[in-house]
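Asker: Protein chains in written order, with the numbering used here: chain A, 1 to 486; chain B, 487 to 810; chain C, 811 to 955.
Ideal placement from N, C-alpha and C gives every residue a C-beta, glycine not left out.
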Amino acid sequence: MRKISIDPITRLEGHGKIDIFLDDEGNVANAYLIIPELRGFEKFVEGRPVEELPDITPRICGVCPEAHHMASVKACDAVYHVEVPPTAKKLRELFYSAFYVADHTTHFYILAGPDFVVGPDAPPAERNILGLIHKVGVEVGGKVIRARGMAMDIIGMLGGRRVHPLFGVPGGVGKAITEEERAQIEAIAREEVEFALFTLDLFRKIVLGNSAYRDMILSDIFTLPTYYMGLVDEQNRVNFYDGMVRVVDPEGKEFVKYAPHEYVAVIAEHVEPWSYLKFPFLKKVGWKGLVAGKDSGVYQATPLSRLNAADGMATPRAQEAYEEFYATLGGKPVHHTLAIHWARVIEILYAAERLLELSTDPEITNPHVRNIPTAKPDEGVGIVEAPRGTLTHHYITDERGLVVKCNLIVGTTNNYAPIAMSVRQAAQGLIRKGQVITEGLLNRIEMAFRAYDPCFGCATHAVGQMPLEVRIYDADGSLTQVISRA
Amino acid sequence: MAKKSKLKLGLYWAASCGGCEIAVVELREKILLLDEAADILFWPVAMDFKVKDVEAMPDGHMDVCLFNGAIRTSENEEMAHLLRRKSKVLVAFGSCAYEGCIPGLANLFDKDSILRRVYLEVPTVDNPRGVLPQPATHLPEGEVEIPRLYNTVKTLGQVTDVDYFVPGCPPQPHQIWAVVEAILGGKLPPKGSVVGANEKTVCDECKRLREEKRIKKFYRYHEIIPDPEHCLLEQGIVCAGPATRGGCGALCPQVNQPCRGCYGPPPNVMDQGAALLSAVASVVDANSEEEAARIVGDILDPAGTFYRFGLPASTLHRARLGNR
Amino acid sequence: MAGTFEPRIIAFVCNWCTYTAADNAGVSRLEQPPNVDVIRVMCSGRIEPAFILKAFAMGADGVIVSGCHPPGDCYYTNGNYKTFRRMPLVERLLEQFGIEKERFHWGWISGAEAIKWAQLTHEFTERVRALGPLNWSRQLESKED
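(1) Which bits of chain B does A:D19 rub up against, with CB to CB less than 7 Å?
(2) Which residues, in order along the segment 27–46 of chain A, keep a beta-carbon less than 7 Å from a beta-carbon of chain B?
(3) Please return the same chain residues whose Cβ sits closer than 6 Å to the Cβ of B:T623, not counting the five positions on each side in sequence.
(4) At least one CB of chain C closer than 8 Å to the CB of B:H567: is that the case?
(5) Taking the alpha-carbon positions, what's the B:Y749 to A:E251 distance?
(6) Going along the chain, which residues of its own chain have a beta-carbon closer than 7 Å to the beta-carbon of A:L329, five neighbours each way excluded?
(7) If we define contact as Cβ-Cβ less than 8 Å, is B:V540 a contact residue for chain C?
(8) Please confirm whether A:Y322 has its beta-carbon closer than 8 Å to some beta-carbon of chain B.
(9) Helix, strand or coil, according to DSSP, for C:R850 in the structure here?
(10) What residues from chain B crowd round A:H270, counting only those whose CB sits closer than 8 Å?
(11) Give the straight-line distance between the Cα atoms of C:G942 and B:W529, rounded to the nearest whole angstrom.
(12) Going by Cα to Cα distance, which pick from A:S97, A:T106 and A:A88 is closest to A:E13?
(13) What's the C-alpha gap between A:G457 and A:N239?
(14) Which residues, in order along the segment 723–735 of chain B, keep a beta-carbon less than 7 Å from a beta-carbon of chain C?
(15) Would you call the segment 811–828 of chain C and the segment 864–877 of chain C touching, i.e. three or more CB-CB distances under 8 Å?
(16) Once DSSP output is grouped into helix, strand and coil, what is the label at A:Q300?
(17) Mapping the DSSP letters down to three states, classify C:C878 as helix, strand or coil.
(18) In whole angstroms, what is the alpha-carbon distance linking A:R2 and A:L22?
(19) Leaving out five residues on either side along the sequence, give the residues of the same chain with a beta carbon under 8 Å from the beta carbon of B:L568.
(20) On a CA-only basis, which of A:D7, A:Q428 and A:T57 is nearest A:I409? Give me that one, please.
(21) Should A:P65 and B:G796 be called a contact, given that it needs their Cβ atoms to be closer than 8 Å?
(22) Any C-beta of chain B within less than 8 Å: which residues of the segment 875–893 of chain C qualify?
(23) Pick out whichever of B:E515, B:C725 and B:V510 has its Cα sitting closest to the Cα of B:F553.
(24) Which term fits C:T887, buried or exposed, when burial requires 16 or more other beta carbons within 10 angstroms of its beta carbon?
(25) Three or more C-beta pairs closer than 8 Å, one from the segment 94–101 of chain A and one from the segment 136–156 of chain A: is that the case here?
(26) Three-state secondary structure (DSSP) at B:C506?
(27) Count the other CB atoms within 10 Å of the CB of B:G555; is the residue buried (16 or more) or exposed (fewer)?
(28) Give a yes or no on whether 8 Å exceeds the smallest Cβ distance from A:G457 to chain B.
(29) According to DSSP, is A:M229 part of a helix, a strand, or is it coil?
(30) On the DSSP bridge list, what partners appear for A:A268?
(31) Tell me the rounded alpha-carbon separation between B:R794 and C:F907.
(32) Figure out for me which residue from A:D361, A:P114 and A:C406 has the closest Cα to the Cα of A:V264.
(33) Tell me, please, which residues DSSP counts as bridged to B:V782.
(34) Is the CB-CB distance between A:V28 and A:I431 below 8 Å?
(35) Below 8 Å CB to CB, which residues in the same chain sit around A:I35 once its five sequence neighbours on both sides are set aside?
(36) Could you confirm whether any beta carbon from chain C is found closer than 8 Å to the beta carbon of B:I870?
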């Protein structure tokens, strides 16, 4: 059979390739999404003091280090059996909400955006953030850089480094905030809410307002009914930082709800020899292969999954957006893969509103933000929602708190089976016998992947005419070069 | 000023986390200036150019390639050699490429122990036939290949010739910009230099007050709430500042976290871990062998503490194979 | 392979105490195995942990560090205090790297203890011989899979 390789997949975080096999008639016999990397965190953390894992595990992903950091800190709380003071919990969630605004923004505008704004078939040299800015204008680009930047400033204020910040500690957080810092955060949060509403509006105009994209979203090729997973609070509303994990079936009925320490009874991982990534599935349903539907243990954990698994959003405007979402798409649950982009934008709004709520909480500047652990360490599980899916950190330590065993179920890992299926479906649906395979067609197959993985931003250039000048002086003080954008 | 032709730039990631990419994004509006001055010809995170596009370039076509990530698999190494050929200047960008960084901690183990843990031992894995990833798998439709995992994580400089090193996990955005300006202005130091950092240690930039170091006891950072004004090492929390190159702004001590050493060794220090061990032990306030052994005994994980970021680049490179 | 394994041992010794002992041992014709290469430093406090690691990396099968007896013998008053603060950590570091602790000896031998020096060279050489060659660089050259 003839093989076409897309290598590497682009506009996402991480490495991957897609191998498409064509039969003699030119139809797609199969398409494999192959993950060629493995670093072995679950092994090399053995022997490390467990409280160092909130510094080590964020290096799994430099786009969502805050997610690993937070799951790790919560696992450490559990290992040390230490209670976190209320203000510290709120500060952690505040930090986490700022992170969501930054991360989801960069994915929507920079990674996913070009496909919708410039078009899936546009030349590769234009199909990136540059091309997007040329199309939508300088103002939007400037807004994106500013909004993302302000959220990252909150991360830096609390965690030092903006990439791989260190804020949580077992038993609390590393620092309390002053009134001045609180006021800064509140001001940023208010701008972020406006920015989120603007983004939602932009999505309606550019994506929902385009009939070709609407058809693509609703098409069978990009529809995949599976189970859906997400963290929910006591009222079954979406929460990124804490709660119980809820899974609903393809018809939207609750299948299971579990606490972090129960995850081993719910999730299992399947191994294939052709990829380094494992395929998580629901144990009680079983592994039936790369198959959709109620009888297959395959599940999704994405922004869309979180909305599907919950009964609503915990903040008012996000709740309105949630209701509009389901009204437009015909009720719950939604199985349209490309609708994940829309769900993601709704989550930017929720994160911004939550950030505002927490920044104005009367307790938020309380100086008591740490409890010192006193119990003997042993075992703990910490779960948060990473932007890409439910993230589980499980540590077992010896009596000194050195890690003996570690297990991680990472956000995107949850989605490996559905992503592989979406890619295969897109390949089989778009490549038909005798058809010329264009670069744009291959890109549409990649779009099946991109919807799942916010990845990280690379807010590359292109704000067009933002006036800026850089003057380069040599050691003698002579001006050697001026670079300007008028 | 005469308008120069645009710089041809590539960015690539090997065994990395993507944090170096985000650090470039954190240039924020300065990215525009980079865009004015450079054409990015390969950057998988942001642009749709594929490996075949790089292979089609003439040798030396790209002026500069910023290569982040460690060398963990055969694919990482192949890309290192490919990008070396296609670039005039190859930069080891970030701690992974420079010294191995966190993935380098895998050098305390070997390939087999990693594969066993991940695919056979973790409590959630369901793998009764003991399937492990294979370099080549024959499937009904054809053959699928994946890269070979190495036993030893290597730095970029250990597999190919590197022109410059930018330290940090990740390199701080203001330092990245300094390097970009140096490249655009043609003002790079001699080949082989570390750029994007200063010539002192983190202590020099740290705002905490330093008095005298006489440590009677080491504390793990979650065991005490340190005084926010004074040196953390003086309070008994192991801080890598004294043996770490400066330039990052000493961000971690500002938020009450000790430096972990992500900017690598200071100038003229070959082995950061050994230097840090020596520095920390030297200031233990012990006047007998028993007392000294007791005090340093509270540092539970010397290898992971002192070689958190620089194990592959260190003198021994890795733990003994067949050790565990 | 024919013949017994001859360990290669590097000994970092301080000028005023252990080097003097080694010198006296030589002059007194006390028999010592040829396996020990002596590197003289002015004080055991000069011995950076990096030297020990480098010795192993460059092919040593065993390493000795020896200086003046604490508390009072150090020519520089308390250089050897630095030694006994560092060496316990070096021992544990080496263990984590898989280098058996029998391959590393650190201690004190005064200028008057020539016999103790000669005995140490014998005992340590046999101890390392029993462990076999370390051959550190070979594992880095080995094929990856």
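Answerer: Working from what's here:
(1) Here residue 19 of chain A is taken as the residue at index 19 of the first sequence, counted from 1. Residues of chain B passing the Cβ test: V630.
(2) Those residues of the segment 27–46 of chain A placed with their C-beta closer than 7 Å to a C-beta in chain B are A29, N30, Y32, I34, P36, E37, L38, R39, G40, E42, K43 and F44, ordered along the chain.
(3) By one-based count along the second sequence, residue 623 of chain B stands at place 137. Here the set comprises V630.
(4) Along the second sequence, one-based indexing puts residue 567 of chain B at 81. No, because no Cβ of chain C sits closer than 8 Å to the Cβ of B:H567.
(5) Translated into positions along the second sequence, residue 749 of chain B becomes position 263. Translated into positions along the first sequence, residue 251 of chain A becomes position 251. Using only the alpha carbons, I get a separation of about 51 Å.
(6) Within the first sequence, residue 329 of chain A is the residue found at index 329, counting from 1. Cβ within range, chain order: H336 and A339.
(7) Taking the second sequence and counting its residues from 1, one reaches residue 540 of chain B at position 54. False, the Cβ-Cβ gap to chain C never drops below 8 Å.
(8) By one-based count along the first sequence, residue 322 of chain A stands at place 322. Closer than 8 Å: no.
(9) Counting from 1 along the third sequence, the entry for residue 850 of chain C is found at position 40. C:R850: strand per DSSP, three-state reduction.
(10) The residue given as residue 270 of chain A occupies position 270 in the first sequence. Those are D612 and N613, listed as they occur along chain B.
(11) One-based indexing of the third sequence puts residue 942 of chain C at position 132. One-based indexing of the second sequence puts residue 529 of chain B at position 43. Near 49 Å, if we compare the C-alpha coordinates of B:W529 and C:G942.
(12) Here residue 13 of chain A refers to the residue found at position 13 when the first sequence is read from its first residue. Minimum Cα distance to A:E13 is reached at A:T106.
(13) Mapped onto the first sequence, residue 457 of chain A falls at position 457. Mapped onto the first sequence, residue 239 of chain A falls at position 239. Note on A:G457: pLDDT 24, under 50, position unreliable in the model; the coordinate value appears next. Computed Cα separation, rounded: 23 Å.
(14) From the segment 723–735 of chain B, no residue has a Cβ closer than 7 Å to chain C.
(15) A contact exists between the segment 811–828 of chain C and the segment 864–877 of chain C.
(16) Counted from its first residue, the first sequence places residue 300 of chain A at position 300. Residue state, collapsed to three classes: strand.
(17) For the purposes of this step, residue 878 of chain C is taken as the residue at position 68 of the third sequence. In this structure, C:C878 counts as coil in the three-state DSSP scheme.
(18) Position 2 of the first sequence, counted from the first residue, corresponds to residue 2 of chain A. Position 22 of the first sequence, counted from the first residue, corresponds to residue 22 of chain A. Rounded to the nearest whole angstrom, the C-alpha separation of A:R2 and A:L22 is 5 Å.
(19) Walking along the second sequence from the start, residue 568 of chain B turns up at place 82. Excluding sequence neighbours, B:L568 sits near V537, V540 and E541.
(20) The count along the first sequence starts at 1 and reaches residue 409 of chain A at position 409. Cα-wise, what sits closest to A:I409 is A:T57.
(21) Taking the first sequence and counting its residues from 1, the one referred to as residue 65 of chain A is at position 65. Taking the second sequence and counting its residues from 1, the one referred to as residue 796 of chain B is at position 310. No, these two residues do not count as a Cβ contact at 8 Å.
(22) Sequence-ordered contacts of the segment 875–893 of chain C with chain B read P880, P881, Y891 and K892 [C-beta pairs closer than 8 Å].
(23) As a working mapping, residue 553 of chain B is identified with position 67 in the second sequence. The residue with the shortest Cα to Cα distance from B:F553 is B:V510.
(24) Sequence index remark: in the third sequence, residue 887 of chain C carries index 77 (1-based). With fewer than 16 neighbouring CB atoms inside 10 Å of its own CB, C:T887 falls in the exposed class.
(25) yes
(26) Position 20 of the second sequence holds residue 506 of chain B. In this structure, B:C506 counts as helix in the three-state DSSP scheme.
(27) On the second sequence, position 69 is the one that residue 555 of chain B refers to. Buried: at least 16 other Cβ atoms inside 10 Å.
(28) Here residue 457 of chain A refers to the residue found at position 457 of the first sequence. Bear in mind that a pLDDT of 24 at A:G457, under 50, signals an unreliable position, so the model cannot answer this.
(29) Taking the first residue of the first sequence as 1, we reach residue 229 of chain A at position 229. Looking at A:M229 - three-state DSSP - the assignment turns out to be strand.
(30) The residue given as residue 268 of chain A occupies position 268 in the first sequence. Its beta-bridge partners are A:F281.
(31) Translated into the one-based positions of the second sequence, residue 794 of chain B becomes position 308. Translated into the one-based positions of the third sequence, residue 907 of chain C becomes position 97. Roughly 14 Å between the two C-alpha positions.
(32) Within the first sequence, residue 264 of chain A is the residue found at index 264, counting from 1. Of A:D361, A:P114 and A:C406, the residue nearest in Cα terms is A:C406.
(33) Sequence index remark: in the second sequence, residue 782 of chain B carries index 296 (1-based). Answer by DSSP bridge pairing: none, since B:V782 is not bridged.
(34) The residue you call residue 28 of chain A lines up with position 28 of the first sequence. The residue you call residue 431 of chain A lines up with position 431 of the first sequence. For A:V28 and A:I431, yes; Cβs fall inside 8 Å.
(35) In the first sequence, counting from the first residue as 1, residue 35 of chain A sits at position 35. Correct list, in chain order: G14, H15, G16, S275, Y276, L277 and Y416.
(36) No answer is possible for residue 870 of chain B: the residues shown for chain B start at 487 and end at 810.
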